[in-house]
Structures are given as structure tokens and as C-alpha cells.
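Engineer: Chains as they are written, first to last, in the numbering used here: chain A, 1 to 206; chain B, 207 to 412.
C-beta atoms are modelled at their ideal positions from N, C-alpha and C, and glycine is treated no differently.
Everything numeric in this text was worked out from a predicted model, so none of it was measured.
2 protein chains.
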Amino acid sequence: MAIQRSKIVAEALDLLDAEGIDGLTMRRLAQRLQIQAPSLYWHFPSKQALLDGMSDALMESVARDVDSAASYEERVRQVSHEIRNALLSRRDGAQVFSGTYVSTENVLRVGESLISALRDGGLDPRSASWGAFSLLYYILGFTIEEQGLAALDETAFHKQQEAFRQMAQAQFSNAFAAAGELFESDPEDRFTFGIDRLIAGLRPSE
Amino acid sequence: MAIQRSKIVAEALDLLDAEGIDGLTMRRLAQRLQIQAPSLYWHFPSKQALLDGMSDALMESVARDVDSAASYEERVRQVSHEIRNALLSRRDGAQVFSGTYVSTENVLRVGESLISALRDGGLDPRSASWGAFSLLYYILGFTIEEQGLAALDETAFHKQQEAFRQMAQAQFSNAFAAAGELFESDPEDRFTFGIDRLIAGLRPSE
DNA sequence: ACCTGAACACCGTTCAAGT
DNA sequence: ACCTGAACACCGTTCAAGT
């Protein structure tokens with residue numbers, strides 16, 4: 001029996017999770033699937049196409065059942081957290097996703113859910129679509145950074161933090177004061193803070 | 207005379223601009239500098255260290271003279287645009303920057319300028335530092351996406367757009383309506399929209 | 001102090017050939 | 001229709017050796 005596309009994508013996500021984005025190679029993936037690397041090119045025209053498939057799969061469970069009774073702001077908040085959680089579900093998920101520009105059903109459903117919630121909140125079509133993408137950019141930027149820092153080992157993380165404090169102390173008092181807020185805070189709290197500020201900023205004024 | 211670190215970074219940025227992030231290899235960089243690839247490892251311990259140096263250099267001119275007479279919101283807006291312009295100044299600049307976690311003078315000055323402006327606006331230390339990073343995440347996410355789309359050639363861009371409209375039309379009415387707003391708008395306008403919404407959302411309420 | 005030659009252990013991708 | 005073997009044109013990095 002031949003290998004299915006979906007099986008390859010699932011295995012690729014497992015490999016990503018195990019080895020990170022640098023360890024995700026066509027050869028290693030093939031090995032896991034017990035085929036030879038060139039065989040993958042019968043199923044996908046390129047590695048990029050495989051990454052596109054992985055991005056689509058990452059969004060599979062997002063915005064499936066949005067609580068239609070909730071306020072529009074609550075719906076935006078809910079979907080935003082779902083997106084972040086989906087990206088976090090695999091190592092380097094945000095980086096994989098940000099390198100792709102897919103218009104698949106899963107990805108468009110996510111976009112649609114944000115835009116339609118904002119429309120329900122009274123935003124005009126332009127503000128709703130630009131607003132939805134603003135939210136996505138924030139979510140992506142935040143999560144890329146979060147996963148990138150998570151990739152550092154204990155020692156590297158500590159060195160990073162030390163360099164920051166050292167440099168900031170000498171010249172940048174506010175940045176120095178910020179060090180604690182950044183390094184010792186829960187990422188979830190920081191994420192929520194930014195999302196809520198952005199949602200508030202998108203509120204129609206009248 | 208030996209080659210200086212700064213010369214290598216400058217040449218690396220030129221190579222990035224000419225070939226994009228995939229074309230930025232140690233061998234090609236060495237060739238431009240008329241040395242052999244392994245020689246680069248006397249100046250930088252790894253390619254990552256070189257990328258860190260490039261990120262620092264990208265921020266060199268940002269937040270140099272912030273208009274101290276301007277309102278805090280105006281200052282945040284100004285620095286945000288400067289960051290975006292700095293990232294845009296080199297092909298794939300945002301992607302290079304987002305992969306690095308440098309605490310150098312240039313990068314910290316940028317952070318400091320945002321945090322201190324927000325502090326002047328009346329935000330508490332935690333909100334100011336989290337807010338500054340929220341702005342940075344948005345800027346990074348936006349600019350990565352912008353430069354990624356710019357990397358597509360005309361045909362690929364058109365195909366992308368078609369796939370989006372096709373899929374959206376069938377099932378996602380709001381996303382379909384958003385297509386025009388996205389594909390035909392000035393990125394500068396969309397960037398400004400999001401930044402201004404976020405700045406508004408960060409405004410202290412009382 | 002700064003640079004080279006040669007090599008190691010990999011990559012993504014192509015393509016003729018097999019079943 | 002699906003897969004393999006062999007190869008191409010690269011990578012980042014190490015290291016002994018040169019000046």
C-alpha cells in the first residue's frame with residue numbers, strides 16, 4: 001500500500017517536534033517513513049510544499065466551534081489563544097507557519113472567524129480585515145520569539161539574560177527595569193496582555 | 207591588512223540584499239571578501255554569530271534622535287516606523303532579525319526608547335515593557351510577512367491571490383471580501399493602521 | 001594574528017530505471 | 001502509480017598547517 005500525503009505530514013510534524021526545524025530534513029523524514037528521500041518528491045513537489053501542508057495541518061483544530069453566544073471580543077480572544085496554542089503544539093511551529101502563505105480551508109477558516117467576529121463588533125470591512133491580520137502578526141511575532149527563546153538551553157538562556165541586564169544597567173534604565181518583567185513573567189500572561197490591548201484598540205470609537 | 211569584523215558584517219548585508227536569506231552562505235560571503243570560507247571562523251564563531259552582528263547593524267540608525275518635544279504616542283509611532291524601515295532596508299531583514307536574540311547597544315537603545323516613551327505616557331513599568339514588546343512582535347510579524355510576500359515573483363503572487371479568492375468565495379464570505387483590502391492596499395497604510403490601533407489600546411484608561 | 005587546503009558529515013533535488 | 005540508486009551541486013564547520 002502506498003503512503004498517503006496525510007501520513008507524511010503527520011510524520012513530518014512528529015519529526016519537527018522531536019528534532020526542531022533544523023532537524024527536519026527530507027532524508028530523516030524518509031527514514032522515519034521507511035522509504036528513500038527521493039520518494040517524497042512523488043508526493044510533494046518540494047520541501048516548501050511539505051511545509052505548506054504542515055502549516056495547514058497545524059490549523060486543523062482551530063476555530064472549529066467558536067462560541068456564538070459570546071461577545072465579539074470574547075470570540076476574538078478565544079480564537080487568538082487557539083491559534084497560539086496550535087502553533088505551540090509543535091516545536092518551532094510558529095516559524096514553520098510564518099514561512100508559508102497557504103490559502104487552504106483550515107487557514108481561511110481561521111481568518112474568517114476573526115474577520116467575521118470583528119465585523120459583528122461593528123468594524124467596517126477594511127478595519128475588520130486589517131485588524132484580523134494585525135492580530136495574526138502579533139500572534140506570530142510573539143510565538144516565534146517565545147519558541148525561539150525556548151530553544152535555548154538553560155546556560156544560553158542565562159547568558160542571554162545576563163548580557164541584557166549588563167548592557168541595560170549601564171545605559172538604559174527603563175530597559176533594565178523591564179528585564180524582570182520579561183524574564184520572570186508567564187508568557188501566557190504577556191500574550192494575553194498584548195492581545196487584549198490590541199482588541200481594545202480595535203474597538204469602534206462611537 | 208586583516209579584515210575587520212564590521213567589514214564582514216557590511217558585506218554580509220550586501221550579500222543578503224542581493225541574494226536573499228537563502229543565498230547568504232559562508233562560502234559566497236567569503237568569495238566576496240576574497241578570502242576562503244574557513245577564514246570567517248576566525249572572526250565569528252558561527253554563522254549565527256554573524257547573523258547576530260547583522261541584526262545589531264540593522265538597528266544602528268534607529269531611535270537615534272527621537273523628538274523629545276513630541277507626545278509620547280507620536281514618539282512610539284515614530285520609532286515603530288523607524289524599526290520597520292530598518293528591517294525593510296535589506297531583503298529578508300525581518301527574518302534575519304527575528305532569528306536573533308541580541309542584547310547589544312543598538313538593540314537595547316531601540317527597546318529603551320519605546321519603553322521610556324510609554325512610561326512618559328503614564329504606563330506602569332510592567333505595562334510599558336510588555337507593551338513595548340507587543341509593539342515589537344507586531345512589527346516583526348508584519349514585516350516578515352511583507353517581505354515574504356515580496357519574495358514571490360509576479361506569477362506566484364498572482365497564483366497565491368487566486369487560490370485565496372477561489373477558496374474564500376466558496377465558503378468564507380468575509381475573507382473573500384477582505385481579499386481586496388489585503389492585496390490592493392498599501393502595506394504602509396496597513397502597518398500604520400495596526401500600530402495606531404495597538405498604541406490606542408495601550409493608552410492608560412484613567 | 002590571520003588565513004588556507006582538505007576534509008567531514010551533511011543538505012534539497014533530479015532523473016533514469018525499476019516494479 | 002509509486003519507489004529506488006546514483007548522482008549533482010551545494011551546505012556549515014573543523015583542524016592541521018602555513019605565514
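Identify each residue in the region 284-296 of chain B for which the Cβ-Cβ distance to at least one residue of chain A is less than 8 Å, and report them in chain order.
Structural biologist: Listed by position along the chain: nothing, the set is empty.
Engineer: Hey, would you say residue 353 of chain B sits closer than 9 Å to residue 409 of chain B, going by beta carbons?
Structural biologist: Against a cut-off of 9 Å, the Cβ pair of residue 409 of chain B and residue 353 of chain B comes out as no contact.
Engineer: Inspect the beta-carbon positions of residue 267 of chain B and residue 306 of chain B and report whether they are closer than 9 Å.
Structural biologist: Cβ atoms of residue 267 of chain B and residue 306 of chain B: not closer than 9 Å.
Engineer: Note down, in chain order, each residue of its chain lying with its Cβ closer than 7 Å to the Cβ of residue 290 of chain B, except the 5 sequence neighbours on either side.
Structural biologist: Excluding positions up to five away in sequence, the list reads 345, 349, 397.
Engineer: Got a sec? Which residues, its chain only, sit under 8 Å from residue 21 of chain A by beta carbon, not counting five neighbours each side?
Structural biologist: Counting only Cβ-Cβ distances below 8 Å, and skipping sequence neighbours, we find 91, 92, 95, 96.
Engineer: So, with DSSP's three-state summary, where would you put residue 148 of chain A?
Structural biologist: Residue 148 of chain A: helix per DSSP, three-state reduction.
Engineer: Look at the Cβ atom of residue 320 of chain B, then the Cβ atom of residue 197 of chain A, and state whether they are nearer than 9 Å.
Structural biologist: Taking 9 Å as the Cβ cut-off, residue 320 of chain B and residue 197 of chain A do not qualify as a contacting pair.
Engineer: When you compare each of A:77, A:12, A:131 to residue 34 of chain A by their alpha carbons, which one comes out closest?
Structural biologist: Considering only alpha carbons, the answer is A:12.
Engineer: Of all the options B:245, B:287, B:393, which has the alpha carbon lying nearest to the alpha carbon of residue 356 of chain B?
Structural biologist: Nearest C-alpha to residue 356 of chain B: B:393.
Engineer: With 9 Å as the C-beta to C-beta threshold (strictly closer), list the residues of the region 248-277 of chain B near chain A in chain order.
Structural biologist: Within the region 248-277 of chain B, no residue qualifies.
Engineer: On a Cα-Cα basis, can you pick out the residue from B:223, B:248, B:293, B:230 that is closest to residue 211 of chain B?
Structural biologist: Looking at the Cα atoms, B:248 is the closest of the given residues.
Engineer: So the alpha helix (DSSP H) residue 91 of chain A belongs to, where does it begin and stop?
Structural biologist: Premise fails: residue 91 of chain A is in no alpha helix (DSSP H) and is neither H nor E.
Engineer: Within this structure, are the beta carbons of residue 73 of chain A and residue 121 of chain A separated by less than 9 Å?
Structural biologist: For residue 73 of chain A and residue 121 of chain A, yes; Cβs fall inside 9 Å.
Engineer: Indicate the three-state DSSP secondary structure (helix, strand or coil) for residue 242 of chain B in the structure shown.
Structural biologist: Three-state result, residue 242 of chain B: coil.
Engineer: Interface residues of chain A around residue 393 of chain B at Cβ under 7 Å?
Structural biologist: Correct list: empty, because the minimum Cβ distance to chain A is about 11 Å.
Engineer: Give me the chain B residues within the contact set of residue 99 of chain A, using Cβ-Cβ distance strictly less than 8 Å, ordered along the chain.
Structural biologist: By Cβ distance, chain B contributes 354.
Engineer: Let me know the beta strand (DSSP E) ranges lying completely inside the region 211-273 of chain B, each 3 residues or longer, listed in chain order.
Structural biologist: Listed in chain order, there is nothing to give.
Engineer: Expressed to the nearest angstrom, what Euclidean distance is found between the alpha-carbon atoms of residue 44 of chain A and residue 50 of chain A?
Structural biologist: Each residue's alpha carbon lies about 6 Å from the other.
Engineer: Taking Cβ-Cβ distances shorter than 9 Å, what residues in chain A pair up with residue 389 of chain B?
Structural biologist: Neighbours of residue 389 of chain B on chain A: none; closest Cβ ~11 Å, over 9 Å.
Engineer: Which residues mark the beginning and the end of the alpha helix (DSSP H) in which residue 197 of chain A is found?
Structural biologist: Residue 197 of chain A -> alpha helix (DSSP H) spans 187-202.
Engineer: Return the residue from the list B:277, B:384, B:258 that minimises the CA-CA distance to residue 324 of chain B.
Structural biologist: Among B:277, B:384, B:258, the Cα nearest to that of residue 324 of chain B is on B:277.
Engineer: Please report whether the beta-carbon of residue 231 of chain B lies at a distance below 9 Å from any beta-carbon of chain A.
Structural biologist: For residue 231 of chain B, the answer is no, since every Cβ of chain A falls outside 9 Å of its Cβ.
Engineer: Cβ closer than 9 Å: which chain A residues qualify as neighbours of residue 415 of chain B?
Structural biologist: Given a span of 207 to 412 for chain B in the structure shown, any question on residue 415 of chain B remains unanswerable.
Engineer: Please classify residue 374 of chain B: does DSSP put it in a helix, a strand, or coil?
Structural biologist: DSSP places residue 374 of chain B in helix when its eight states are reduced to three.
Engineer: Check this for me: beta carbons of residue 9 of chain A and residue 57 of chain A, under 9 Å apart or not?
Structural biologist: Cβ distance < 9 Å, so residue 9 of chain A and residue 57 of chain A count as in contact.
Engineer: Using only the alpha-carbon positions, how far apart do residue 110 of chain A and residue 341 of chain B sit?
Structural biologist: Distance between the alpha carbons of residue 110 of chain A and residue 341 of chain B is about 23 Å.
Engineer: Any beta carbon of chain B sitting closer than 9 Å to that of residue 152 of chain A?
Structural biologist: Yes - at least one Cβ of chain B is within 9 Å of the one on residue 152 of chain A.
Engineer: Can you list, in chain order, the residues of its chain whose CB lies under 8 Å from that of residue 383 of chain B, leaving out five sequence neighbours each side?
Structural biologist: Contacts found: none.
Engineer: In three-state DSSP terms, what is residue 101 of chain A?
Structural biologist: Note: residue 101 of chain A maps to coil in three-state DSSP.
Engineer: Using DSSP with H/G/I as helix, E/B as strand and the rest coil, what is residue 209 of chain B?
Structural biologist: Looking at residue 209 of chain B - three-state DSSP - the assignment turns out to be coil, as it is neither helix nor strand.
Engineer: Let me know if residue 281 of chain B comes out buried or exposed under the rule of 16 or more other beta-carbons within 10 Å of its beta-carbon.
Structural biologist: Burial call: buried.
Engineer: Take residue 379 of chain B as the anchor and find which of A:182, A:108, A:162 has the nearest alpha-carbon.
Structural biologist: The option with the nearest alpha carbon to residue 379 of chain B is A:108.
Engineer: Please list, in chain order, all residues of the same chain as residue 66 of chain A whose beta carbon is under 6 Å from its beta carbon, the five residues on each side excluded.
Structural biologist: 75, 113.
Engineer: Consult DSSP for residue 184 of chain A and reduce its assignment to one of helix, strand or coil.
Structural biologist: Correct three-state label for residue 184 of chain A: coil.
Engineer: Given that residue 325 of chain B touches chain A, what residues does it touch there, using C-beta distances under 7 Å?
Structural biologist: Residues of chain A passing the Cβ test: 174.
Engineer: Report yes if the CB atom of residue 304 of chain B is closer than 9 Å to the CB atom of residue 131 of chain A, and no otherwise.
Structural biologist: No.
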